[in-house]
Amino acid sequence: MENNSTAIQLSIFISSTDKKGITVLYEDIVFEAKKAGLSGATVLKGMLGYGASSIIHSYKFWELAEKLPTVIQLIDEEEKILKFFESIRPTLESMRYGCLVTTQQVNVLLYKSGQKRMFDL
Amino acid sequence: MENNSTAIQLSIFISSTDKKGITVLYEDIVFEAKKAGLSGATVLKGMLGYGASSIIHSYKFWELAEKLPTVIQLIDEEEKILKFFESIRPTLESMRYGCLVTTQQVNVLLYKSGQKRMFDL
Amino acid sequence: MENNSTAIQLSIFISSTDKKGITVLYEDIVFEAKKAGLSGATVLKGMLGYGASSIIHSYKFWELAEKLPTVIQLIDEEEKILKFFESIRPTLESMRYGCLVTTQQVNVLLYKSGQKRMFDL
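Chains as they are written, first to last, in the working numbering: chain A, 501 to 621; chain B, 501 to 621; chain C, 501 to 621.
As structure tokens, this is what we get:
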């Protein structure tokens with residue numbers, strides 16, 4: 501991504517307990533995004549909410565289930581974002597409790613690539 | 501909401517300690533959103549910030565007050581979102597410490613309704 | 501900001517451990533935003549993610565480092581937002597591990613200024 505360019509923010513709304521096989525889904529998506537070379541990913545966990553299954557989940561009961569609304573935000577050029585979305589679409593469509601995926605256009609004011617460290621995961 | 505349609509994201513910035521009567525405001529809004537049939541809601545709690553009252557709240561003192569900036573995000577069709585906003589507007593306008601409500605347009609790439617469970621709240 | 505006006509949301513993606521001198525960077529930015537008179541700021545900490553340095557950070561190891569993706573969201577009129585961004589740009593460009601700054605247009609449905617309290621920070 502270039503400074504002063506247009507990019508796409510992809511937001512994936514799932515539950516913190518959604519799984520792909522035995523892997524936590526949001527972890528899987530972040531690792532896949534990194535493999536696909538996307539510029540970055542941020543996973544935000546909500547403290548209350550409900551999604552496509554209309555069940556309200558609350559932080560108050562996290563000790564029991566920790567089932568909380570979770571948003572994964574990914575920002576990159578449109579082509580890369582849409583290609584990545586198509587690659588994870590089958591997984592998202594197979595989720596039992598529903599999900600929501602949105603995009604919105606953003607302007608990149610500054611994108612500064614960092615120095616890699618010795619023990620990069 | 502349909503796949504590949506346009507929707508509106510409503511963001512409500514309040515404090516985690518705002519109340520409507522004896523109910524926590526963000527809980528009230530989430531339950532009202534569900535009653536209104538909105539597709540989903542996510543409550544994100546910040547760890548530092550300030551709002552319309554210009555008082556900085558920090559997670560560092562959460563044991564004392566847990567007064568933290570809180571964002572409620574709701575996504576649905578424009579008409580439903582605006583109708584819902586008008587229904588909670590009087591409550592928001594009566595808040596003592598101010599609030600901010602914004603909308604932005606998003607594209608829905610995927611909206612998958614989930615299977616309901618036996619003990620739906 | 502006026503009700504029913506257009507504003508800009510500035511999103512600054514950094515790490516929770518980024519520092520400006522001995523100050524935590526996200527704290528510094530929030531205090532600078534308040535000094536600049538911006539209407540509000542919200543700092544959201546992610547639980548997993550990676551940024552421009554492509555190192556994945558997880559909440560699972562927070563006891564060791566608490567190095568987590570962090571988003572600072574600021575909303576105000578375009579002119580104020582861009583002026584503020586220029587004032588913190590040198591700091592962001594000097595960060596070793598990279599960062600991402602985006603803007604997007606939002607509509608302000610309601611901005612209610614709060615009553616100040618006696619012990620305003």
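Built from N, CA and C at the ideal position, the CB exists for glycine as well.
For clarity, every value in this text was computed on a predicted model and none was experimentally measured.
What residue range does the alpha helix (DSSP H) around residue i cover?
i: residue 591 of chain C; result: 578 to 593
i: residue 534 of chain C; result: 525 to 535
Cβ of residue i less than 8 Å from any chain A Cβ?
i: residue 595 of chain C; result: yes
i: residue 526 of chain C; result: no
i: residue 534 of chain B; result: yes
i: residue 581 of chain B; result: no
i: residue 561 of chain B; result: With a pLDDT of 49 at residue 561 of chain B, under the threshold of 50, the predicted position of this residue should be treated as unreliable, and no value is reported.
Can you give me the start and stop residues for the beta strand (DSSP E) that residue i sits inside?
i: residue 611 of chain B; result: 598 to 613
i: residue 548 of chain B; result: 548 to 550
i: residue 510 of chain C; result: 505 to 515
i: residue 544 of chain C; result: 541 to 545
Starting from the beta carbon of residue i, find every residue of chain C whose beta carbon is closer than 9 Å, and list them in chain order.
i: residue 513 of chain B; result: 540, 542, 573 and 575
Return no unless some Cβ of chain B is closer than 8 Å to the Cβ of residue i.
i: residue 556 of chain A; result: yes
i: residue 587 of chain C; result: no
i: residue 501 of chain A; result: no
i: residue 519 of chain C; result: no
i: residue 584 of chain A; result: no
When you compare the CB of residue i with every CB in chain C, is at least one pair closer than 8 Å?
i: residue 505 of chain A; result: no
i: residue 516 of chain B; result: no
i: residue 564 of chain B; result: Here the model assigns residue 564 of chain B a pLDDT of 45, short of 50, so the residue's position is not dependable and the matter cannot be decided.
Using a Cβ cut-off of 8 Å, pull out every chain C residue sitting near residue i, in sequence order please.
i: residue 612 of chain A; result: 552, 592, 593, 595, 598, 599 and 600
Run through chain A and tell me which residues come within less than 7 Å of residue i, C-beta to C-beta.
i: residue 545 of chain B; result: 547
Inset, instruction - Determine which residues of the segment 596 to 610 of chain B have a Cβ less than 9 Å from any Cβ of chain A, and write them out in chain order. - result: 604, 605, 606, 607, 608, 609 and 610
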